[in-house]
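In our numbering, the protein residues as written are 31 to 251.
No residue lacks a Cβ here, since even glycine has one placed at the ideal position from N, Cα and C.
Quick caveat: nothing in here was measured; it's all calculated off a predicted structure.
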Amino acid sequence: MNVVDIIFMIPALLVAVIFHEVAHGYVAYRLGDDTAQREGRLTLNPIPHIDPIGSILLPAILILLKSPILFGYAKPVPINPYNFKIDMRKGMIMTSFAGPAVNFFLAFMFAGLYNLVRNETFLKYFASIFGLGSLESVIIPLAIFFKYAVSINLILGIFNILPIPPLDGGNILLNILPREIQQKVEPYEQFGFILVIILLMTGILGMVILPIYSFFMSVLM
Numbered sequence: 031m032n033v034v035d036i037i038f039m040i041p042a043l044l045v046a047v048i049f050h051e052v053a054h055g056y057v058a059y060r061l062g063d064d065t066a067q068r069e070g071r072l073t074l075n076p077i078p079h080i081d082p083i084g085s086i087l088l089p090a091i092l093i094l095l096k097s098p099i100l101f102g103y104a105k106p107v108p109i110n111p112y113n114f115k116i117d118m119r120k121g122m123i124m125t126s127f128a129g130p131a132v133n134f135f136l137a138f139m140f141a142g143l144y145n146l147v148r149n150e151t152f153l154k155y156f157a158s159i160f161g162l163g164s165l166e167s168v169i170i171p172l173a174i175f176f177k178y179a180v181s182i183n184l185i186l187g188i189f190n191i192l193p194i195p196p197l198d199g200g201n202i203l204l205n206i207l208p209r210e211i212q213q214k215v216e217p218y219e220q221f222g223f224i225l226v227i228i229l230l231m232t233g234i235l236g237m238v239i240l241p242i243y244s245f246f247m248s249v250l251m
């Protein structure tokens, strides 16, 4: 991983984590909860979303360790499920699913753009319309950014859909389970992040994520 890679990876990561959190807040807003809107979090401006650990420290550590994958997270968008106009559990499933769903959508969108800018027929047509000669100075940076955007959004989508609270997949699972079981499991939710760290440090998380990630990358790219 060199300086050029990092220059393109950081904005791709910011796009992924910001859209992820805004998706949570927007769905909650559509369901009747305006908490995120009132706190100024339904914006694509990165500043309100930056988390010192998840948006800066964690990516920096992964870069320094030359990790094969880069991911992070933004400051969680505040959601008050008691404001939902629908059943609270259904609302939590919908808001939790929104984040990974947006990441998967972005991965597919950027994959389409990546394949488009690498298509010679499209490039010749585009150049002829604007009377341009070589497009390499524009296309190469775009292709690099799109490739990293696909990669990072896929990783975030797969990671967050894992059924481990407090990840989105864990929240979905908790709200699908019968209420009695949910109430018994919820007190242990605070230990979920520790479990995620252990799985990450032992390489187990990579063993789960990387095969799925590699499959989708081979299909999309």
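Exercise for review: Let me know the secondary structure DSSP gives Gly236 once reduced to three states.
Suggested key: One-based indexing of the sequence shown puts residue 236 at position 206. Helix at Gly236.
Exercise for review: Report all residues from its chain with a CB closer than 6 Å to the CB of Ser235; omit the five preceding and five following residues, and keep chain order.
Suggested key: Start at 1 with the first residue of the sequence shown, and residue 235 comes out as number 205. In the sequence under discussion, the amino acid at residue 235 is Leu, which differs from the Ser named in the question. Counting only Cβ-Cβ distances below 6 Å, and skipping sequence neighbours, we find Leu229.
Practice item. Run the CB neighbour count on Tyr155, radius 10 Å, all protein chains shown included, and call it buried at 16 or more, exposed below. Key: Here residue 155 is taken as the residue at index 125 of the sequence shown, counted from 1. Flag for Tyr155 reads exposed.
Practice item. Quick one: which unbroken alpha helix (DSSP H) runs of 4-plus residues sit fully inside the stretch 67–130? Chain order, please. Key: 88–94
Practice item. Please say whether Ala42 and Ala179 have beta carbons closer to each other than 8 Å? Key: Indexing the sequence shown from 1 puts residue 179 at position 149. Indexing the sequence shown from 1 puts residue 42 at position 12. It is a contact, given that the beta carbons lie within the stated cut-off.
Check your understanding: Could you give the distance in angstroms between the alpha-carbon of Gly222 and the alpha-carbon of Pro171?
Key -> Here residue 222 refers to the residue found at position 192 of the sequence shown. Here residue 171 refers to the residue found at position 141 of the sequence shown. Roughly 38 Å between the two C-alpha positions.
Review point. When burial is assigned at 16 or more other CB atoms within 10 Å of the CB, is Ile191 buried or exposed?
Key: Here residue 191 is taken as the residue at index 161 of the sequence shown, counted from 1. The residue in question, Ile191, is buried, as its Cβ has 16 or more Cβ neighbours within 10 Å.
Review point. Count the other CB atoms within 10 Å of the CB of Pro217; is the residue buried (16 or more) or exposed (fewer)?
Key: In the sequence shown, residue 217 corresponds to position 187, counting from 1. Per the 10 Å Cβ criterion, exposed.
Exercise for review: Check whether the Cβ atoms of Ala104 and Ile48 lie closer than 8 Å to each other.
Suggested key: For the purposes of this step, residue 104 is identified with residue 74 of the sequence shown, where counting begins at 1. For the purposes of this step, residue 48 is identified with residue 18 of the sequence shown, where counting begins at 1. Yes, the Cβ-Cβ distance between Ala104 and Ile48 is below 8 Å.
Exercise for review: Indicate the three-state DSSP secondary structure (helix, strand or coil) for Ile227 in the structure shown.
Suggested key: As a first step, residue 227 must be located in the sequence shown, where it is residue number 197. Helix, per DSSP.
Practice item. State buried or exposed for Met122, treating a residue as buried only when at least 16 other CB atoms are found within 10 Å of its CB. Key: One-based indexing of the sequence shown puts residue 122 at position 92. When all chains shown are included, Met122 counts as buried.
Point to revise | Start-to-end residues for the alpha helix (DSSP H) that takes in Ile40 | key: Start at 1 with the first residue of the sequence shown, and residue 40 comes out as number 10. Residues Val33 to Arg60.
Review point. Is the beta carbon of Thr125 less than 8 Å from the beta carbon of Val45?
Key: As a position in the sequence shown, residue 125 is number 95, starting the count at 1. As a position in the sequence shown, residue 45 is number 15, starting the count at 1. No, Cβ-Cβ distance for Thr125 and Val45 is not below 8 Å.
Review point. Per DSSP, what kind of secondary structure is Pro208 in: helix, strand or coil?
Key: Position 178 of the sequence shown holds residue 208. Coil.
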